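S.K.:
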């Protein structure tokens, strides 16, 4: 049963990573007015939440767009790293970052064909940074889980040796 789950799990991760790239590129296909309207809705929601909480900080449209880019690629970094680990590919962190960079470059290339939008090298760097952060978050959680499992195993061995 567990072996079946592991076998299918890696393909589920693969499909999820590919679909997430499609989602990223779909956002990039939105013309400038539609993209601005979507980020405006998110901005209004966030700013209303901050105001309701008594916080005077307000997000600008640029901040919302950049955070959204970072978050999209943060998720991609997690999915790419998890997929590569599941397939036992060598150097998953390095390849996850490369996948984020290639996806970000393609994302910016797509935007060059969309009315009112354009590519930006800084966006590629920001997106890649999001991918790196996601990959590091995955790696950190994975390392923490391994550490906890190791400590539990050591503890159970000590308990079983006690007369």
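Numbering (our numbering), first residue to last: 190 to 352.
Backbone N, C-alpha and C define an ideal beta-carbon position, used for all residues, glycine too.
Predicted model only: the values in this text are computed from it and were never measured.
Specify, as a first and last residue, the run of the alpha helix (DSSP H) that residue 224 falls within.
M.R.: 221-241
S.K.: DSSP state of residue 201, grouped into three classes?
M.R.: helix
S.K.: Could you tell me whether the Cβ atoms of residue 231 and residue 212 are closer together than 8 Å?
M.R.: no
S.K.: Please look up how many angstroms separate the CB atoms of residue 285 and residue 269, rounded, as I've assumed it's under 8 Å.
M.R.: 4 Å
S.K.: So what's residue 245 in DSSP terms, helix, strand or just coil?
M.R.: coil
S.K.: Which same chain residues end up closer than 7 Å to residue 209 when comparing Cβ atoms and leaving out the 5 residues on each side of it in sequence?
M.R.: 264, 265 and 268
S.K.: Please confirm whether residue 201 has its beta-carbon closer than 8 Å to some beta-carbon of chain B.
M.R.: This model lacks chain B altogether, as it is built from one protein chain only.
S.K.: Check whether the Cβ atoms of residue 258 and residue 319 lie closer than 8 Å to each other.
M.R.: yes
S.K.: Between residue 236 and residue 256, what straight-line distance do the alpha-carbon atoms span, to the nearest angstrom?
M.R.: 14 Å
S.K.: Going by beta-carbon coordinates alone, are residue 305 and residue 221 separated by less than 8 Å?
M.R.: yes
S.K.: For residue 166 and residue 337, what's the separation of their Cα atoms in angstroms?
M.R.: Since the first residue shown for the chain is 190 and the last is 352, residue 166 is missing from the structure and cannot be characterised.
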